[in-house]
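Engineer:
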Amino acid sequence: QLRMKFSNASNVEIIEGDILAIDFHSLFGPKPGASRPGLVHKPEPAHVVGNIPYYITSDILLRIFEFRQYFSTIVIMVQREVADRITARPGGSNYGLLSATAQLYANVEKLFTLQPGAFSPPPKVQSTVIRLTIAAKLANLDVAEDGFVEFLKLSFGQKRKTLWNNLKSRYEPDVLRAALQKTGVKPTVRAEALSLEKTAALFRALTTVNPGS
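This is how it looks when you write it as structure tokens:
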């Protein structure tokens, strides 16, 4: 239907593919023969707009974040509960790994919610349209991306456990205790209570702290 609708549009190119597998470098990168010595290829950031399969929401977002240099905004419809998690703030019960990861790479906001009656046939869940605006936050946090993302996964490893219990499998007790004290984080708190800034401070402290000092 899309090919038929835009068959006469010279400024529309329809590319059919799996967003979880498509080669974004080939799609947005310099075309063969187009590169010139001394010139930096900087494509216009793309906008993602779609009604996606709800069960791969996290997979789609993580892949877009991986290639975020090619994107500026993401406007998608997701299940309402997932929207609540993505936009949750630290300290709330919905704040978790998905919230922290999304907010590490983007500014997130809810736009509006659709009731089941807006669809035919009506689904059993409510849907919310959200917007994520890609933002360069890693530089401000002063952390290495790969290490910090793994640290977030470890911190939220078991949501009901305290930070101490989630982190003690990776760090020696003296190092962990010193880092927590240095950053003013109580061992009894859970990861959901910390902002990204405070979590990043703890991560930095764990890589530099000397428990004997």
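Note that the working numbering has the sequence shown beginning at 122, numbered continuously upward. For each residue, glycine too, the CB sits at the ideal point set by N, CA and C.
For Asn172, does the three-state DSSP call read helix, strand or coil?
Structural biologist: Taking the sequence shown and counting its residues from 1, the one referred to as residue 172 is at position 51. Residue state, collapsed to three classes: strand.
Engineer: Which residue wins for smallest C-alpha separation from Leu259, given the options Ser147, Gln236, Phe324?
Structural biologist: Counted from its first residue, the sequence shown places residue 259 at position 138. Answer by Cα proximity: Phe324.
Engineer: Can you name the start and end residues of the beta strand (DSSP E) that Gln200 belongs to?
Structural biologist: Counting from 1 along the sequence shown, the entry for residue 200 is found at position 79. Residues 192–200.
Engineer: Leu253 and Ala227 - do their beta-carbons sit closer together than 8 Å?
Structural biologist: Start at 1 with the first residue of the sequence shown, and residue 227 comes out as number 106. Start at 1 with the first residue of the sequence shown, and residue 253 comes out as number 132. Going by C-beta atoms, Ala227 is nearer than 8 Å to Leu253.
Engineer: If you run the structure through DSSP and keep just helix, strand and coil, what is Asn261?
Structural biologist: Taking the sequence shown and counting its residues from 1, one reaches residue 261 at position 140. Helix at Asn261.
Engineer: For the beta strand (DSSP E) containing Thr254, name the first residue and the last one.
Structural biologist: Position 133 of the sequence shown, counted from the start, is the residue given in the question as residue 254. Element bounds for Thr254: 248–255.
Engineer: If contacts are defined as beta-carbon pairs under 8 Å, then Val203 and Leu232 qualify, I think. What distance do you get, rounded to the angstrom?
Structural biologist: As a working mapping, residue 203 is identified with position 82 in the sequence shown. As a working mapping, residue 232 is identified with position 111 in the sequence shown. Incorrect: roughly 14 Å between the Cβ atoms, too far for contact.
Engineer: Going by alpha carbons, who is nearest to Val169 out of Leu183, Phe188, Thr178, Ser193?
Structural biologist: Within the sequence shown, the letter at position 48 stands for residue 169. Minimum Cα distance to Val169 is reached at Ser193.
Engineer: For Val196, tell me which candidate among Val229, Lys245, Gly213 has the shortest Cα-Cα distance.
Structural biologist: Here residue 196 refers to the residue found at position 75 of the sequence shown. Measuring from the Cα of Val196, the nearest candidate turns out to be Val229.
Engineer: Determine the extent of the alpha helix (DSSP H) in which Leu183 is found, giving its start and end residues.
Structural biologist: For this step, residue 183 is matched to residue 62 along the sequence shown. Note, Leu183: alpha helix (DSSP H), 178–187.
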